[in-house]
Every structure is written in structure tokens, then in C-alpha cells.
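Every letter in the sequence shown is one number past the one before it in my numbering, and letter 49, counting from 1, is 1370.
Report on one structure; see the data block that follows.
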Amino acid sequence: MVARERFTSRFRFLMVVTGSVVGLGNIWSFPTQTATNGGIIYVGVYFLMALFLAYPVLMVEMIIGRYTGANILTALQSTARGRASRFFAGMIGFSANLAALMVLAFYCIVAGTLLSWMAASFFSMFDIHIDWLHDSSLRRNVLFAGLFMLAAILISGQGLVRGLERWSVRLMPGLLILLLIMAAYVLSEPGSQEGLKAYLSPDVSHLYSADIYISAMGQAFFSLSLGIGIMVIYGSYLQPEFNLPKLGLGIILIDTVAALLAGLVILPALYVAYYQGINVFDGGVLVGGMELVFGIMPKIFDGLGAWGAVVAFSFYGMLSVAALTSAISALEVPVSYACERMYFDRWLSVIIMAGLAFCFTCLILFNIRWLFEGVHFLTTSVLEPAVGLACCLFLGWVWRRDQLLEAVASENADFAESLFWRLWPSYVRFICPVLIVLVLFNKW
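Following this line, the structure appears as C-alpha cells:
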């Protein structure tokens, strides 16, 4: 078994984790959720939910990883007491690995389409139009999904330091710069100010609706890559001297800032489209998700004249980077399992697990009408919240309280003496499971 690598600096850790948490949901879901749920009021509620739900669960997963220094299955089983709890731990670990593979398969499909549209935009800059890049043929989908998976393999195969760290440090600042450039450009277009107003104007009436809190809880939970073991793995790669609680707060802040920046692109862009006479509403609600990216945004780019292809190339490139950094994080979950439990070397583990995920991808693509939405629902509405819930129950009820406090104290003695961290074990035991169940039922 190859010795476990460690993050070489706090900054590089934050860049790798930022690559995981700043995914497609931040860009195509958060902005429209904000506009629908009270504007800037929703952002405040989201941040509070991130602190009171996502942050404690984030600490659960990262402390499990830090405490055990292992993949999620080994980590949970090594701290289990008795045969029943070890079996329960094994089921959690298996579900996390399955969820990670399915997330990776989903990203392959979506990112493959993003890559094909990015390629089409690139050729359009030179007045070359290749129609098959825009169609939804099986040939195109498999080809570009395969290219995307190949990119993930080449990065992940190089390991933590030479692969994930090095490429995240290169890609994530570029992604944030692209967001800023796109925001500046979109805000200069006619109609964008109405979008900015819809985004930033507070509507306090939404504070009296339960929907805003449930929506914000779900968005915060899934945005931070919780429930599939990613944060357990990254916690296991931390140096002993790194202050985990402070790093966790840094992750929350970066995720929120990135989502805010994405909103400065998407919401004004939607109202630019509305100003151009394009319908951007579905049942009175702003369009989001894939319909936004592949239905509304291309119409906006078509109306930008000569610069449309350049802006489109930048937009789809930005989304492709967000998808790639999230995908390599998802791949790390089963890869770490293969390295540590099957004793495969890094490259073999990456190839086997990426190949397995790509088989899932092809299976979905061959039956996309029936499987795509079903796989997405199973992953985001069942497996991810269920694994997050199970981790909270396991850490809260299987681990002893003194083990928890010992793990926290090893990070920062002052934090361990604070009121919050004294309450945290009980909070994880009782409050977090209830909040996750609310998210789970809302998804159903």
C-alpha cells in the first residue's frame, strides 16, 4: 500500500476543496433559488443554514477522516464497536462509494455536453459551424463524456500533490476570474440591472415561509459535497498542525462568495434575455439547471453579435472547469478505497474506478430517457442525504463523547473549551439528523 499523501499547505487544501464545493449547482441552481426566495434575504438564510447544518456535518466528516486517516469505509469500521455497528459502518461506506461513482457518472454526461458546446463556440469564433456538436446524438455524448473522464483520470492518477493540488491551484483562480469577467460583461448589457435588482433586493415576506429555510438547507448541504465521503477523504489528508475548525469556516465562506458571484452572472443574464423577448420563466419561476444552460443561455449568446461566440466559449469553459474539479473530488472516494482496501497502486485504482463510473455513464446514455432523472434523484435525493444522516448518527451515537472531544481538542485546545464545541456532540446527535431528515423529505 502506498503511503498516504498529505496536503502541502492550507491554501492548496482550500483550493482543492473549493474545486469540490464550487460545482454546477452553485452556478445554475443557487442564483434562481435566490431570485425565487426573496433575493438577498435568501443569501442570508443560506449562510445561516450553512453554519447551522452544513458546517457541523462538514466537521463530522472531516473529523472522522482526520481521526482515522483512512477512506470512509475503513474510517467508520475502525471506530465501530461490535459486529452490528461494523456492519452499519460498512453499509455507510459502500453507499458513499456508490453515490460517488453515480455522481461522477452524472458529471460525465453533463460535462460532456458542456465540452461539446464549448468546442462548438470555439469553432464559431472562426465562422466554422459544426452542427453535430449541438445535437444530442449518442455518438457525441459518449465521445465527449469519454474525453471528460480522460481528463479526470489524467489529473487524479498523478495523486494528491502532483494531481489534485497542482491542478486545483491552477484551475480555481481561473474559474473565479472568469466569473468576475463574465459578471462585468453581463452587467453592461441592457436589461441586466433588472436582474441585479431581483437578485439583491430583499423581500422579507419570504422569511415567514418554511420553503425558504428548507430550500436553503438543501442547497447548503449538497453544495458542500456532503454525504458521499469526499470530506472524509480530504480530512484524512490534512496535516496534524492544520486548524480544521477554521479551515471549515473558510470553506463555508468561499462557497458562499462563489455562489454570490455566480448569481451576478446568471440573474442579470436571464433578465438580459427577458429584455430581448426570450421567455425565461416556467410557471412563473425563473428557469434553472440544464434548461438554463442549454436552452436560455445560447439564445442570449446569439443576440450578442460578434462577441457571442467568445462569451459562449468562456461560459461553457467556466462550467466545464467547475464540473472537472468536482468530478476529480468524487473520483477520489472510490480511488482511496481501492488503494487502501484492495492494495492497488494509484494509477490502477483510478483507471478501474473511472472505468466503472464510465460504464454507469454509458448505461445511462444508452437509456437516457428512463435513467438520467432517476439516477440523479437516487443520488441527490436518497444516497447523499442518507449517508450524511448515517455519518451523524454514527459519530453521535457510536463514537463516545470523549472520543469526539479528544478529536476536537487535537485540532485546537481553545476551540475544544468553547461553549459551541462543548454542545457540538449533542448537536450532531439530535439536531443535525432532524434537519437532514427535513431536507430528505423535501426532496421527496
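Heads up, the beta-carbon is just placed ideally off N, CA and C, and yes, glycines get one too.
Quick caveat: nothing in here was measured; it's all calculated off a predicted structure.
Between residue 1446 and residue 1630, the gap from beta carbon to beta carbon is short of 9 Å.
Residue 1448 holds the alpha-carbon nearest to the alpha-carbon of residue 1627 among 1715, 1519 and 1448. Contact between the segment 1609–1617 and the segment 1580–1600 is present: three or more C-beta pairs spanning the two stretches fall below 8 Å. Cα atoms of residue 1607 and residue 1384: separation of roughly 39 Å, rounded to the nearest angstrom. Residue environment: residue 1576 is assigned as buried (16 or more neighbouring CB atoms within 10 Å of its CB, all protein chains considered). Under the 10 Å beta carbon count, residue 1560 is surrounded by fewer than 16 other beta carbons and is classified as exposed. Only residues of its own chain outside the window of five on either side were considered, and among them 1367, 1370, 1371, 1374 and 1375 have a CB closer than 8 Å to the CB of residue 1541, listed in chain order. Between the segment 1483–1498 and the segment 1456–1465 there are fewer than three inter-stretch CB-CB distances shorter than 8 Å, so the stretches are not counted as touching.
For residue 1524, the secondary structure class from DSSP, reduced to helix, strand or coil, is coil. Look at residue 1606 here: in three-state DSSP terms it is strand. Contact between residue 1386 and residue 1556 holds, with the beta-carbon distance rounding to 3 Å and staying under 8 Å. Annotated three-state conformation of residue 1562 is coil, per DSSP.
Closest in C-alpha terms to residue 1746, from the list 1762, 1727 and 1763, comes 1727. Judged by DSSP in its simplified three-state form, residue 1344 adopts coil rather than helix or strand. Straight across, the Cα-Cα distance linking residue 1431 with residue 1713 is about 31 Å. Three or more Cβ pairs drawn from the segment 1386–1397 and the segment 1648–1660 lie within less than 8 Å of each other, which places the two stretches in contact. By the Cβ test, the segment 1414–1432 is in contact with the segment 1633–1647, since at least three Cβ pairs between them sit closer than 8 Å. Only residues of its own chain outside the window of five on either side were considered, and among them 1563 and 1568 have a CB closer than 7 Å to the CB of residue 1331, listed in chain order. Exclusion of the five residues before and after residue 1634 leaves 1439, 1442, 1443 and 1446 as the residues of its chain whose Cβ lies within less than 7 Å of its Cβ.
Note on residue 1492: 16 or more other CB atoms within 10 angstroms of its CB, so buried under the neighbour-count rule.
Cβ-Cβ separation between residue 1649 and residue 1473: approximately 5 Å, consistent with a contact (criterion under 8 Å). Look at residue 1349 here: in three-state DSSP terms it is helix. Listed in chain order, the non-local C-beta contacts of residue 1534 below 8 Å within the same chain comprise 1366 and 1370, local neighbours out to five positions each way being set aside.
In the three-state DSSP reduction, residue 1450 falls in the coil class, being neither helix nor strand. Boundaries of the alpha helix (DSSP H) around residue 1708: 1705–1714. The C-beta distance from residue 1397 to residue 1410 rounds to 4 Å, short enough to fall under 8 Å.
Using a Cβ-Cβ distance cut-off of 8 Å, the segment 1668–1682 and the segment 1354–1366 are not in contact, since fewer than three pairs of beta carbons, one from each stretch, lie closer than that value. For the segment 1585–1652, the continuous alpha helix (DSSP H) assignments of 4+ residues that do not extend past its boundaries occur at 1618–1623, in sequence order. For residue 1681, the enclosing alpha helix (DSSP H) has its first and last residue at 1667–1687. Runs of the alpha helix (DSSP H) lying entirely within the segment 1446–1525 and spanning at least 4 residues, in chain order: 1459–1477, 1487–1507 and 1513–1521.
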